[in-house]
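Here is the structure we will look at.
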């Protein structure tokens with residue numbers, strides 16, 4: 201799976217079935233009798249991650265991912281510029297100023 205890919209309808213149904221039976225993290229009992237039904241279930245996220253047929257490309261998800269990356273980059277740039285401006289202003293204020301001699 202890559203960014204922009206989502207589960208197919210059938211794969212999402214299998215995932216929902218897996219979650220209802222075994223919870224979000226599964227319920228592996230291979231230590232008792234391998235392979236267990238949790239590990240072999242077609243909706244197991246680990247199994248689906250290896251199954252290219254379980255995924256389809258979603259243009260909207262890809263677009264939202266790109267927008268998120270761009271927004272994060274813009275925020276990071278704005279923070280960097282603001283920090284540089286703030287540090288320059290602090291340095292300017294801390295520079296000693298010459299005073300006129302006392303009369």
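In the working numbering, the protein residues as written are 201 to 303.
No residue lacks a Cβ here, since even glycine has one placed at the ideal position from N, Cα and C.
Query, Result
"Of the listed residues 210, 273 and 238, nearest to residue 229 (C-alpha basis)", "238"
"Supposed close pair residue 254, residue 208 - CB separation, criterion 8 Å", "6 Å"
"Residues bridged to residue 264 (per DSSP)", "According to DSSP, residue 264 bridges with nothing at all."
"Which listed residue (275, 270, 206 and 267) has its alpha carbon closest to that of residue 252", "206"
"Beta-carbon proximity check, residue 248 vs residue 283, cutoff 7 Å", "no"
"Rounded C-alpha distance that separates residue 286 from residue 274", "18 Å"
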